[in-house]
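Peer 1:
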Amino acid sequence: MSDESDDEILYPNRGSAGERDDGGRVSRRALLAGSAAAGTAATAGCTGLTGGDGSGGGGGQEGPPTVFVFNTGDMTVSVIDAEADELVTTTYLGATASFPSNQYIVEQLDQSRPIAWLNVDNGVRGVDVASLSEEASFETGSGANWQEVTPDGKHLIVSAREPVHKQFRLDADPSSETFGEVTGEIDRKPEGGRGDHSGPGPCDVTIHPDGEYAFVPDIFSDTLTVLRIDPFEIVTQVGVDPVVDGVDAVSPWMDTAAWNGDTLLVENNEGEHGTESVWDVSDPENPEEVTRLTAEDDLGALPLTSEIGPDSKTGYVFTANSQDVTVVDLESNEVTNRLDVGGSAFVGTWGPSQEKLYVPVQTSDEVKMIDHAAGEITATIGVGSKPYGATAGNVRPEGDTASDLMASMAKLGVEFANAGTTYCIGNCACGHQL
8 MSDESDDEIL YPNRGSAGER DDGGRVSRRA LLAGSAAAGT AATAGCTGLT GGDGSGGGGG
68 QEGPPTVFVF NTGDMTVSVI DAEADELVTT TYLGATASFP SNQYIVEQLD QSRPIAWLNV
128 DNGVRGVDVA SLSEEASFET GSGANWQEVT PDGKHLIVSA REPVHKQFRL DADPSSETFG
188 EVTGEIDRKP EGGRGDHSGP GPCDVTIHPD GEYAFVPDIF SDTLTVLRID PFEIVTQVGV
248 DPVVDGVDAV SPWMDTAAWN GDTLLVENNE GEHGTESVWD VSDPENPEEV TRLTAEDDLG
308 ALPLTSEIGP DSKTGYVFTA NSQDVTVVDL ESNEVTNRLD VGGSAFVGTW GPSQEKLYVP
368 VQTSDEVKMI DHAAGEITAT IGVGSKPYGA TAGNVRPEGD TASDLMASMA KLGVEFANAG
428 TTYCIGNCAC GHQL
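Counting from 8, one number per residue, gives the positions in the sequence shown under the numbering used here.
1) Compute the Euclidean distance between the alpha carbons of Asp318 and Asp203, then round it to the nearest angstrom.
2) Tell me whether Thr343 is buried or exposed, calling it buried when 16 or more other Cβ atoms sit within 10 Å of its Cβ.
3) Would Ile475 pass as a contact of Arg168 if the rule is Cβ separation under 9 Å?
4) Do you know how far the Cα of Ser228 is from the Cα of Gly358?
5) Note the first and the last residue of the continuous beta strand (DSSP E) segment covering Ile112.
6) What are the partner residues of Asn78, as DSSP defines its beta bridges?
7) Would you kindly work out how many angstroms separate the C-alpha atoms of Val74 and Val95, rounded to a whole number?
8) Take Asp506 as the anchor and find which of Pro181, Gly199, Thr326 and Glu146 has the nearest alpha-carbon.
9) Are there 16 or more other CB atoms within 10 angstroms of the CB of His390, so buried, or fewer, so exposed?
10) Mark Thr385 as exposed unless 16 or more other C-beta atoms lie within 10 angstroms of its C-beta, in which case mark it buried.
11) By DSSP, does Asp331 sit in helix, in strand, or in coil?
12) Determine, using beta carbons only, whether Trp153 and Phe186 come nearer to each other than 9 Å.
13) Measuring alpha carbon to alpha carbon, tell me which of Trp260, His280 and Glu277 ends up nearest Leu271.
14) Determine the contact status of Glu277 and Val254, defining contact as a CB-CB distance below 9 Å.
15) Excluding the 5 residues flanking Gly322 on each side, which residues of the same chain have their C-beta closer than 6 Å to its C-beta?
16) Exposed or buried, Thr194, counting other C-beta atoms within 10 Å across all chains shown (16 or more means buried)?
17) What does the Cβ neighbour count give for Ser339, buried or exposed, with the cut at 16 atoms within 10 Å?
18) Taking just the CA atoms, how far does Val354 sit from Val366?
19) Would you say Lys320 and Asp81 are within 9 Å of each other, going by their C-beta atoms?
20) Alpha carbon to alpha carbon, how far is Gln118 from Val136?
21) DSSP three-state label for Ala167, please.
22) Please confirm whether Tyr111 and Glu155 have their CB atoms less than 9 Å apart.
23) Ignore the nearest five residues each way along the sequence and tell me which others in Arg120's own chain have a CB closer than 8 Å to its CB.
24) How big is the Cα-Cα spacing for Asp411 and Gly101?
25) Quick one: Cα of Ala89 to Cα of Gly70, how far?
26) Taking 8 Å as the limit between beta carbons, can you name the residues of its chain near Arg201, skipping five residues before and five after?
27) Using the beta-carbon count (16 or more within 10 Å), is Pro197 buried or exposed?
28) Would DSSP call Ala265 helix, strand or coil?
29) Go through its chain and collect everything with a Cβ distance to Glu15's Cβ below 7 Å, but skip five positions before and after it.
30) Express the C-alpha separation of Glu192 and Cys431 in angstroms, rounding to a whole number.
31) Measure the C-alpha to C-alpha separation of Pro209 and Ser108 and round it to an integer number of angstroms.
32) With a 10 Å radius around its C-beta and 16 neighbouring C-beta atoms as the bar for buried, classify Val113 as buried or exposed.
33) If you reduce the DSSP assignment to three classes, tell me which class Glu198 lands in.
34) Around the Cβ of Asp211, are there at least 16 other Cβ atoms within 10 angstroms (buried) or fewer (exposed)?
35) For the beta strand (DSSP E) that Ser182 lies in, which residues bound it at each end?
36) If distances are taken between C-alpha atoms only, which option among Pro404, Pro170, Leu234 and Glu283 comes closest to Gln244?
What follows is the structure in structure tokens.
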């Protein structure tokens with residue numbers, strides 16, 4: 008793929024005024040929801056949670072299974088009941104996220120620990136999804152950030168792409184005195200990058216289920232980097248070569264580790280179509296690429312992110328340019344199906360039961376629900392404007408009249424100042440620039 012095409016995908020808002028202040032910077036807010044949406048937590052000791060039976064939830068108890076969808080078009084969050092697969096509400100958040108943490112955090116996100124991690128503006132933020140208020144914030148120095156929580160919930164691992172090219176480890180334990188603080192940092196600029204890039208471009212991060220290693224695809228150096236989480240350091244790097252004719256770069260950019268720890272899926276911005284790598288990571292310190300799927304294997308176009316089924320036997324690759332989800336058998340390493348979602352979908356998230364995969368379709372303002380056992384789309388749920396990122400958990404915010412009113416106004420085109428934007432890839436309405 009040419010540099011010009013790369014620019015179109017990696018920097019979809021370049022040259023657009025978007026939602027900028029007079030100085031050309033993207034505006035931001037310190038508190039995501041502002042005083043209106045935070046009203047659900049205005050009373051000391053009240054989290055505004057609703058229990059599964061409709062009663063107020065107690066500490067340590069699971070609340071109702073919920074999916075959170077972040078709408079980049081109007082800075083709202085749509086709350087979906089993951090049992091009934093129905094929209095509960097769309098409420099104003101005042102910020103949006105394209106790639107929220109959505110793997111191990113789903114089973115951690117409950118009434119006793121309602122902190123979700125989002126990529127907002129030039130950093131990451133810990134948000135209490137019960138009160139829709141910000142609890143932690145860290146500026147990485149980059150507008151392109153990805154983050155994931157370790158299986159034990161102790162650490163948040165962050166990839167910050169250009170211009171800083173850094174890896175961060177943050178304290179993700181809300182009960183810790185150092186919650187939200189940096190506990191480790193790796194400067195990767197000295198590695199350099201392809202062409203005029205000043206670093207390798209760490210893009211996305213996924214964590215091995217043993218909790219000891221993280222995998223980072225490097226888009227500007229064609230490498231897969233393995234990090235040890237404690238101590239925080241680089242263990243190894245594996246280079247990858249192009250397989251598409253006439254292409255000189257693989258450009259790996261997103262990845263997902265399987266629940267059983269044997270397999271890693273890596274999405275590559277390789278060529279006009281994109282490719283998908285299947286890696287053997289049963290020995291995390293020595294990953295080996297097993298196969299590379301291309302258009303000739305019926306892979307959909309622009310593979311961006313992926314999720315892996317609870318049995319670790321099925322991969323779901325979100326192929327936005329062909330408006331579908333490519334299904335991969337991870338035992339035979341073959342494409343077995345293409346599920347038409349009727350628009351461009353860039354990410355997805357498992358619900359708390361891991362039986363259903365929720366896929367925001369940005370171009371149709373809907374979420375498609377894939378039933379894993381059935382292998383097909385079984386529900387369509389209308390949400391807010393231009394949905395992109397999603398996560399889930401067993402906790403739900405109580406409705407708030409003021410924030411619901413703001414959501415209604417946002418749908419009508421009313422713009423609010425100081426909205427927290429996010430970095431997107433592809434068809435992006437986030438208004439954010441690096």
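Ideal Cβ placement from N, Cα and C applies to all residues, glycine included.
Peer 2: Short version:
1) Approximately 42 Å, taken between the alpha carbons.
2) exposed
3) Not covered by the structure: residue 475. The range shown for the chain is 8 to 441.
4) 34 Å
5) Run containing Ile112: none in the beta strand (DSSP E); it sits in the alpha helix (DSSP H), Ile112 to Gln115.
6) Thr83 and Pro394
7) 10 Å
8) Past the boundaries of the shown model lies residue 506; the chain is included only from 8 to 441, so the question cannot be answered.
9) The question names His, yet the displayed sequence has Val at residue 390. Its Cβ being crowded by 16 or more others within 10 Å, Val390 is buried.
10) exposed
11) strand
12) Result no, Cβ atoms of Trp153 and Phe186 do not sit closer than 9 Å.
13) For Leu271, the closest of Trp260, His280 and Glu277 by C-alpha to C-alpha distance is Trp260.
14) yes
15) Contacts found: Leu272, Ser313, Ile315, Val335 and Leu337.
16) The sequence as given places Asp at residue 194; Thr does not occur at that position. So Asp194 counts as exposed.
17) exposed
18) 6 Å
19) no
20) 9 Å
21) strand
22) yes
23) Gly160 and Pro181
24) 12 Å
25) 11 Å
26) Phe227, Ser228, Asp229 and Ala256
27) exposed
28) coil
29) Within the same chain, no residue comes within 7 Å of Glu15 by CB-CB distance, once the 5 residues on both sides are set aside.
30) Approximately 24 Å between the Cα atoms of the pair.
31) 16 Å
32) buried
33) helix
34) Buried: at least 16 other Cβ atoms inside 10 Å.
35) Where Ser182 is concerned, there is no enclosing beta strand (DSSP E), given that its DSSP letter is neither H nor E.
36) For the residues Pro404, Pro170, Leu234 and Glu283, the minimum Cα distance to Gln244 belongs to Leu234.
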